[in-house]
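Under my numbering, the first residue of the sequence shown is numbered 5, with each subsequent residue one higher. No residue lacks a Cβ here, since even glycine has one placed at the ideal position from N, Cα and C.
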Amino acid sequence: MNFPYKAALFDWAYTLVDLVEEDDRKALKGVVEFLRSKGFELSKFDEIYADYRDLFYKMIAHSRESDLEAHFEHVLNFILIQRRINLKDKTTVDELLKVYYEEIYSHRKVYPEVVPTLISLQSAGVRMGIISNTTNPGFMKDYERAVMGLDSYFEFSIYSSEVPFRKPHPSIFQLALRRLQLQPEEVLFIGDNLNADIAGARGVGLPTAWINRKMDPAPVKNPPDYNLRRLDELLTIQ
């Protein structure tokens, strides 16, 4: 392998990990049941879920327009405050977040070619990092990366919930370049989303590889440098 870049930056969802299905209703129900087990009285779940969806989906829609990331923990705190629930010493918001995200993450799967590809790149001395758009708090994304078995391959992970801008905003890519201390042309960005990943990375001068599992037609505007069906096709780039 003669990989022509010093570093590779990866998107997370649908690039490295298949989200498969996300049952946020089941996840939130787990949080409500956990709170009830701690002695808290709550209203009917359907009312809580309706409030959650109304607020969270509005926050997500705003984040798509502004590139400022939404935060799930803000929604959870709103639900608690609205219902005058004081956790005191019975539990913590972080515990509630773990209950929620353990259900969400339990269905996700690493694509089969990912680990062999990362091992090959790592063996070749390629530095690697993650840039992920996420409403999840950083400590839970670190947990997800660990339970997915991908902890040891990456020098760093940058989460939009922590920075606070999401892709395609240039600042999140520029932060990664500062951490690598490399020039844009020395770093390949790999992702599945044409706007957030490909156009965003190209906007700061990064070469790009589009993970195009359905082999859709490549765009005329902001085309990727590489159009790949699978992640392991990275190893053929010279």
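In DSSP terms, what residue i is bridged to
i	result
residue 232	215
residue 113	22
residue 12	132, 192
Classification of residue i by the beta-carbon crowding that lies within 10 angstroms, buried from 16 upward
i	result
residue 213	buried
residue 26	exposed
residue 79	buried
residue 193	buried
residue 223	exposed
residue 133	buried
residue 177	buried
residue 139	buried
residue 228	buried
residue 144	buried
residue 153	exposed
residue 116	exposed
residue 206	buried
residue 67	buried
residue 129	exposed
residue 73	buried
residue 61	exposed
residue 8	exposed
residue 148	buried
Residue range of the unbroken beta strand (DSSP E) whose run includes residue i
i	result
residue 133	131-136
Residue range of the alpha helix (DSSP H) that includes residue i
i	result
residue 150	142-151
residue 156	Where residue 156 is concerned, there is no enclosing alpha helix (DSSP H), given that its DSSP letter is neither H nor E.
residue 126	118-127
residue 78	76-86
ask   = Just checking, does the region 206-219 make contact with the region 39-47 on the three C-beta pairs under 8 Å criterion?
value = no
task = Just list the beta strand (DSSP E) runs in the region 159-216, keeping only unbroken ones of 3 residues or longer that don't cross its boundaries, in chain order.
result = 160-163, 191-195, 212-215
query = Are three or more beta carbon pairs between the region 175-193 and the region 88-99 nearer than 8 Å?
reply = no
inquiry  = Suppose only complete runs of 4+ residues qualify. What are the alpha helix (DSSP H) ranges in the region 14-73, listed by chain order?
reply    = 28-41, 49-70
query = Is the number of C-beta pairs between the region 5-17 and the region 118-137 that are closer than 8 Å three or more?
reply = yes
ask   = Would you say the region 103-113 touches the region 20-35, given that touching needs at least three Cβ pairs under 8 Å?
value = yes
query = Do the region 152-159 and the region 193-212 meet, that is, are 3 or more Cβ pairs less than 8 Å apart?
reply = no
request  = Mind the definition here: the region 46-55 touches the region 79-91 only if three or more C-beta pairs lie below 8 Å; say whether that holds.
outcome  = yes
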